[in-house]
Amino acid sequence: MIFERRINYYETDKMGIVHHSNYIRFLEEARCYMLDAMGMPYKEIEAAGILIPTLAVSCEYKFPAKFDDIIVIDTQFKKYNGIRLEMEYKITNKETGHIVMNAETKHCFTDLNLKPIQLKKVKPEWNEIYEKYTNNTKK
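Next up, the structure:
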């Protein structure tokens, strides 16, 4: 799933490049965009009593992004087993094609008390969508 965004001035540091901490926000924006595009807005997921906390983030910064650059975030499901989800991201500069960052995030599905749940049992229709997107995005 492709998500594009323009880099804002306030996201840069004194060196004029995007501060590394902002990339975590970009990943979350892309992840939420993907859920919306899949027909499962995060607001609806939470309304159903389901949370998707982030367990781990791994980033490899390749090339700096700067103010006013447009970055393209290619978001894919890497692994999904009904309880846990691994995602991968490739961020590129739209104009130059430079790879800005490669990243992975790990998540799990929980109830509102942060107790892990099996999405297949709680929301089988959503489980099917996750399985479909995982199968369609495997490399």
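Positions 409 to 547 (the working numbering) are the ones given, in order, by the sequence shown. No residue lacks a Cβ here, since even glycine has one placed at the ideal position from N, Cα and C.
Proximity below 8 angstroms, CB of residue i to CB of residue j
i       : j       : result
Lys-474 : Ile-425 : yes
Euclidean distance between Cα positions of residue i and residue j
i       : j       : result
Ile-478 : Asn-416 : 10 angstroms
His-428 : Lys-531 : 36 angstroms
Met-423 : Glu-539 : 42 angstroms
Ile-432 : Lys-529 : 30 angstroms
Arg-492 : Asn-535 : 11 angstroms
Tyr-488 : Asn-430 : 26 angstroms
Lys-523 : Ile-507 : 37 angstroms
Leu-459 : Asn-521 : 9 angstroms
Exposure label - residue i; buried when at least 16 CB within 10 Å
i       : result
Ala-456 : exposed
Asp-438 : A small fix is needed here, since residue 438 is Ala in this sequence, not Asp. By the 10 Å Cβ count, Ala-438 comes out buried.
Leu-527 : buried
Integer-rounded CB distance, given that residue j should sit under 8 angstroms from residue i
i       : j       : result
Lys-470 : Asn-510 : 7 angstroms
Limits of the unbroken beta strand (DSSP E) element including residue i
i       : result
Phe-411 : 410-414
Lys-487 : 478-488
Val-465 : 462-469
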